[in-house]
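Let me begin by presenting the structure, written as C-alpha coordinates, before commenting on it.
Numbering (the working numbering), first residue to last: 10 to 137.
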(Lines of atoms letter the chains of each structure in order from A; the text may use other names.)
(Lines give C-alpha, C1' and ligand atoms only; values in the text may rest on other atoms or scores of the structure.)
Protein backbone atom coordinates (compact mmCIF):
# COMPACT_ATOMS: atom_id res chain seq x y z
CA UNK A 10 0.00 0.00 0.00
CA UNK A 11 1.19 3.48 -0.66
CA UNK A 12 0.22 6.99 0.20
CA UNK A 13 -0.91 9.10 -2.74
CA UNK A 14 1.50 11.82 -1.63
CA UNK A 15 5.00 10.37 -1.44
CA UNK A 16 6.61 13.44 0.11
CA UNK A 17 6.01 16.93 1.41
CA UNK A 18 8.07 20.04 2.11
CA UNK A 19 8.68 21.60 5.49
CA UNK A 20 10.90 24.37 6.83
CA UNK A 21 13.10 23.90 9.88
CA UNK A 22 11.97 26.50 12.44
CA UNK A 23 15.03 25.91 14.64
CA UNK A 24 18.44 24.33 14.08
CA UNK A 25 18.03 20.54 14.26
CA UNK A 26 20.66 17.83 14.63
CA UNK A 27 19.69 14.60 12.88
CA UNK A 28 22.00 11.58 12.84
CA UNK A 29 25.07 13.80 13.20
CA UNK A 30 23.98 16.35 10.59
CA UNK A 31 22.85 19.90 11.33
CA UNK A 32 19.74 21.14 9.55
CA UNK A 33 19.92 24.93 9.93
CA UNK A 34 16.87 27.02 10.77
CA UNK A 35 15.17 28.11 7.55
CA UNK A 36 16.32 25.16 5.45
CA UNK A 37 13.69 23.23 3.55
CA UNK A 38 13.38 19.52 4.31
CA UNK A 39 11.43 16.87 2.44
CA UNK A 40 10.02 14.01 4.53
CA UNK A 41 9.52 10.93 2.34
CA UNK A 42 6.34 9.19 3.47
CA UNK A 43 7.09 6.27 1.16
CA UNK A 44 10.29 5.53 3.11
CA UNK A 45 8.39 5.65 6.40
CA UNK A 46 5.48 3.52 5.16
CA UNK A 47 7.77 0.91 3.59
CA UNK A 48 10.23 0.68 6.48
CA UNK A 49 10.58 -2.98 7.58
CA UNK A 50 11.37 -1.76 11.12
CA UNK A 51 7.76 -0.54 11.33
CA UNK A 52 5.93 -2.99 9.05
CA UNK A 53 6.89 -6.59 8.38
CA UNK A 54 7.02 -7.36 4.65
CA UNK A 55 6.06 -3.77 3.73
CA UNK A 56 5.95 -4.37 -0.05
CA UNK A 57 3.04 -6.81 0.23
CA UNK A 58 -0.61 -5.85 0.57
CA UNK A 59 -1.64 -6.98 4.05
CA UNK A 60 -4.60 -5.10 5.56
CA UNK A 61 -4.36 -7.23 8.72
CA UNK A 62 -1.29 -5.22 9.74
CA UNK A 63 -3.71 -2.44 10.71
CA UNK A 64 -5.82 -4.57 13.05
CA UNK A 65 -3.67 -3.03 15.77
CA UNK A 66 -2.96 0.70 15.49
CA UNK A 67 0.56 1.38 14.18
CA UNK A 68 3.11 3.18 16.35
CA UNK A 69 2.84 7.00 16.23
CA UNK A 70 4.43 8.66 13.19
CA UNK A 71 4.88 5.38 11.29
CA UNK A 72 1.77 5.61 9.10
CA UNK A 73 0.77 9.06 7.84
CA UNK A 74 -1.28 8.73 4.64
CA UNK A 75 -2.72 12.22 5.15
CA UNK A 76 0.29 13.93 6.69
CA UNK A 77 0.49 14.74 10.37
CA UNK A 78 -0.14 17.47 12.91
CA UNK A 79 -1.09 21.00 11.89
CA UNK A 80 -0.07 20.23 8.30
CA UNK A 81 -2.36 17.21 7.91
CA UNK A 82 -4.59 17.16 4.84
CA UNK A 83 -7.76 19.12 5.66
CA UNK A 84 -9.79 16.74 3.47
CA UNK A 85 -8.67 13.54 5.17
CA UNK A 86 -12.01 12.81 6.89
CA UNK A 87 -13.92 13.45 3.65
CA UNK A 88 -11.51 11.17 1.74
CA UNK A 89 -11.98 8.38 4.32
CA UNK A 90 -15.76 8.73 4.10
CA UNK A 91 -15.69 8.62 0.29
CA UNK A 92 -13.51 5.49 0.36
CA UNK A 93 -15.89 3.76 2.80
CA UNK A 94 -18.91 4.58 0.61
CA UNK A 95 -17.15 3.36 -2.54
CA UNK A 96 -16.03 0.12 -0.88
CA UNK A 97 -19.53 -0.43 0.54
CA UNK A 98 -21.08 -0.19 -2.94
CA UNK A 99 -18.36 -2.31 -4.56
CA UNK A 100 -18.79 -5.19 -2.12
CA UNK A 101 -22.58 -5.06 -1.68
CA UNK A 102 -23.79 -4.34 -5.22
CA UNK A 103 -21.10 -5.65 -7.53
CA UNK A 104 -18.92 -8.65 -8.18
CA UNK A 105 -15.49 -7.82 -9.51
CA UNK A 106 -12.14 -9.31 -10.33
CA UNK A 107 -8.74 -8.05 -11.40
CA UNK A 108 -7.98 -9.07 -14.99
CA UNK A 109 -4.43 -10.04 -15.92
CA UNK A 110 -1.31 -9.97 -13.82
CA UNK A 111 -0.08 -7.35 -11.40
CA UNK A 112 3.55 -6.56 -12.02
CA UNK A 113 4.55 -3.86 -9.59
CA UNK A 114 4.13 -0.22 -8.71
CA UNK A 115 5.52 2.73 -10.61
CA UNK A 116 6.39 5.89 -8.64
CA UNK A 117 6.49 9.11 -10.56
CA UNK A 118 5.82 10.82 -8.08
CA UNK A 119 2.49 9.13 -7.32
CA UNK A 120 2.20 5.35 -6.89
CA UNK A 121 0.23 3.67 -9.68
CA UNK A 122 0.14 0.08 -10.94
CA UNK A 123 2.93 -0.32 -13.49
CA UNK A 124 0.63 -1.49 -16.28
CA UNK A 125 -2.66 -0.13 -14.98
CA UNK A 126 -5.13 -2.23 -13.04
CA UNK A 127 -7.65 -3.72 -15.46
CA UNK A 128 -10.71 -5.04 -13.67
CA UNK A 129 -14.02 -6.54 -14.67
CA UNK A 130 -17.19 -5.48 -12.80
CA UNK A 131 -20.70 -6.87 -13.01
CA UNK A 132 -23.83 -6.00 -11.09
CA UNK A 133 -24.77 -8.51 -8.41
CA UNK A 134 -28.17 -10.13 -9.04
CA UNK A 135 -30.71 -9.47 -6.30
CA UNK A 136 -31.43 -12.48 -4.09
CA UNK A 137 -34.62 -14.32 -5.06
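Where a beta carbon is used, it is the ideal one built from N, C-alpha and C, also for glycine. Keep in mind that this is a model prediction, so the values were computed, not measured.
7 Å CB neighbourhood of residue i in its chain, flanking five on each side removed
i          : result
residue 85 : 75
For residue i, three-class secondary structure by DSSP
i           : result
residue 60  : helix
residue 166 : This structure cannot speak to residue 166, because the chain is shown only from 10 to 137.
residue 100 : helix
residue 14  : coil
residue 38  : strand
residue 76  : strand
residue 28  : coil
Within 8 Å, strictly: CB atoms of residue i and residue j
i           : j           : result
residue 127 : residue 113 : no
residue 8   : residue 38  : Because residue 8 is not part of the residues shown, which for the chain are 10 to 137, the question remains open.
Test: residue i CB closer than 8 Å to a CB of chain B
i          : result
residue 61 : Absent here is chain B; the protein component of the structure consists of one chain.
Nearest residue (CA-CA) to residue i, options the options
i          : options            : result
residue 98 : 133, 16 and 25     : 133
residue 41 : 82, 131 and 73     : 73
residue 36 : 18, 44 and 51      : 18
residue 49 : 71, 92, 125 and 24 : 71
Close beta carbons around residue i, own chain, < 6 Å, minus the five adjacent residues each side
i           : result
residue 82  : 75 and 76
residue 118 : 15
residue 123 : 112, 113 and 115
Distance between residue j and residue i (C-alpha atoms, nearest Å)
i           : j           : result
residue 65  : residue 58  : 16 Å
residue 106 : residue 16  : 31 Å
residue 68  : residue 26  : 23 Å
residue 130 : residue 104 : 6 Å
residue 34  : residue 22  : 5 Å
residue 79  : residue 53  : 29 Å
residue 101 : residue 46  : 30 Å
residue 88  : residue 24  : 35 Å
residue 51  : residue 60  : 14 Å
residue 91  : residue 43  : 23 Å
Close-in-space but distant-in-sequence residues of the same chain around residue i (CB under 8 Å, 5 per side omitted)
i          : result
residue 56 : 47
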